[in-house]
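Undergrad: Have a look at the structure that comes next, please.
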Amino acid sequence: MPKSIDALSQARTAELRGLAVAYFPNGRTSRMARPILVAFILAAMADEEYALRTSRRARTTPEQFDFAAMAAHRTMRDRYGRCVFDQYLVSVSRTSDDRFDTLEQQSTDVLSQSGNDVTSPVPIWPTPVTNETKDDCMSAFREGTTLHLAATCAVCARRTFSKDVLFTPAHLSCERVSINTVVLEILRIDDPFILNRPGEHFNFGHPDLDGLALHRSGLHLAASPPQIDICNECASSLQKCPPKLPRLALANGNIRGFLPESLQD
């Protein structure tokens, strides 16, 4: 049998008839002559390509038009095979179909419009983070995670910090108050062992403070009257009626003297 000369000449008639029966079962192609069968398949493939390219959502950029065409061609090449599909693409039936000329014209119009639209650039998303913003975030992180020394309680000598310290029962903070607002006489030292130690560690140069078990770091003698830094725990005890000696106060047996400066760290 001589080889058929038509748009799908590289495919055998039995192969074309099998494709038609498989993908167009309602076309009654089982007994069609080859010329009619080829025309039917080319027309059906054109209808399918047009449907695939126009069934996607609205396209507004040339890239979207190109993607729709490539996706449709990939689907049909997988379905019909490369041999049949490549012949279909260059067939007169397909190249003379006005529907595809309309699609190409739409893509060209969108490309022309996008080329002239210089006043509405597509914004970059997500917006790149500036170096200034990065520096601000790093500074805020360092500030938020760094502990700074705050005041020292004059009554118990405990240092406080600018932020709450982890794994502590409660946040300890100091408040600066005048010595006239707190009962301090309960802090007077009467232990002869401490009184007989050398050095005048509890003489502060003010009659209302001399002899009291206070830490110098929490005293502000330049004010008139002098002021002291006192933590919330010690202040709560001293403000009771009657005043109560704070459990961690130096005067509550929590000091036995001072190391020489050469041995202090």
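Counting from 31, one number per residue, gives the positions in the sequence shown under this note's numbering. Built from N, CA and C at the ideal position, the CB exists for glycine as well.
#1: Are the segment 98–109 and the segment 70–85 touching, with three or more C-beta to C-beta distances below 8 Å?
#2: Kindly list the residues whose CB is nearer than 6 Å to the CB of Q269, restricted to its own chain and excluding five residues on each side of it in sequence; keep chain order.
#3: Apply the 10 Å Cβ neighbour rule to P156 and answer buried if 16 or more other Cβ atoms are within range, or exposed otherwise.
#4: Assign H231 to one of three DSSP states: helix, strand, or coil.
#5: Is the beta carbon of L67 less than 8 Å from the beta carbon of V114?
#6: Tell me which same chain residues have a C-beta within less than 8 Å of the C-beta of L275, skipping the five on either side of it?
#7: In the structure shown, what three-state DSSP assignment does C261 receive?
#8: Let me confirm a value: D259 is counted as buried when at least 16 other C-beta atoms fall within 10 Å, else exposed. Which label applies?
#9: Can you tell which of S192, Q40 and L249 has the C-alpha that lies nearest to the C-alpha of R64?
#10: Which two residues bound the contiguous beta strand (DSSP E) that contains F54?
#11: Label I209 either buried or exposed according to how many other C-beta atoms from any shown protein chain fall within 10 Å of its C-beta, with 16 as the threshold for buried.
#12: For A181, which three-state DSSP category applies?
#13: Below 6 Å CB to CB, which residues in the same chain sit around A243 once its five sequence neighbours on both sides are set aside?
#14: Helix, strand or coil for F288 per DSSP?
#15: Kindly give me the distance between the Cβ atoms of T59 and V51, rounded to whole angstroms, as I take these residues to be in contact under 8 Å.
#16: Using CA coordinates, which residue listed in A184, H178 and T182 is at the minimum distance from K193?
#17: May I ask you to report which of helix, strand or coil DSSP gives H103?
#18: Is the beta carbon of A187 closer than 8 Å to that of C204?
#19: When DSSP builds the beta bridges, which residues end up paired with C204?
#20: Excluding five sequence neighbours on each side, which residues of the same chain lie with their C-beta closer than 6 Å to the C-beta of F288?
#21: Assuming the contact rule is C-beta atoms closer than 8 Å, A69 and F54 should be a hit. Round their C-beta distance to whole Å, please.
#22: Leaving out five residues on either side along the sequence, give the residues of the same chain with a beta carbon under 7 Å from the beta carbon of N284.
#23: Cα separation between D77 and R61?
#24: T175: which of P199, V213 and F191 sits nearest, CA to CA?
TA: On the basis of the data shown:
#1: A contact exists between the segment 98–109 and the segment 70–85.
#2: none
#3: exposed
#4: Residue state, collapsed to three classes: coil.
#5: Going by C-beta atoms, L67 is not nearer than 8 Å to V114.
#6: I216, L217, S267, A281 and N282
#7: For C261, the secondary structure class from DSSP, reduced to helix, strand or coil, is strand.
#8: buried
#9: Nearest C-alpha to R64: Q40.
#10: Per DSSP, F54 belongs to no beta strand (DSSP E) and is neither H nor E.
#11: buried
#12: strand
#13: Closer than 6 Å at Cβ, skipping near neighbours: L217, I219, L280 and A281.
#14: coil
#15: 6 Å
#16: Closest by C-alpha distance to K193, out of A184, H178 and T182, is H178.
#17: helix
#18: In this structure, A187 does not lie closer than 8 Å to C204 by Cβ.
#19: C261
#20: H231
#21: Going by Cβ atoms, the distance from A69 to F54 rounds to 13 Å, so no, they are not a contact pair.
#22: L278
#23: 22 Å
#24: F191
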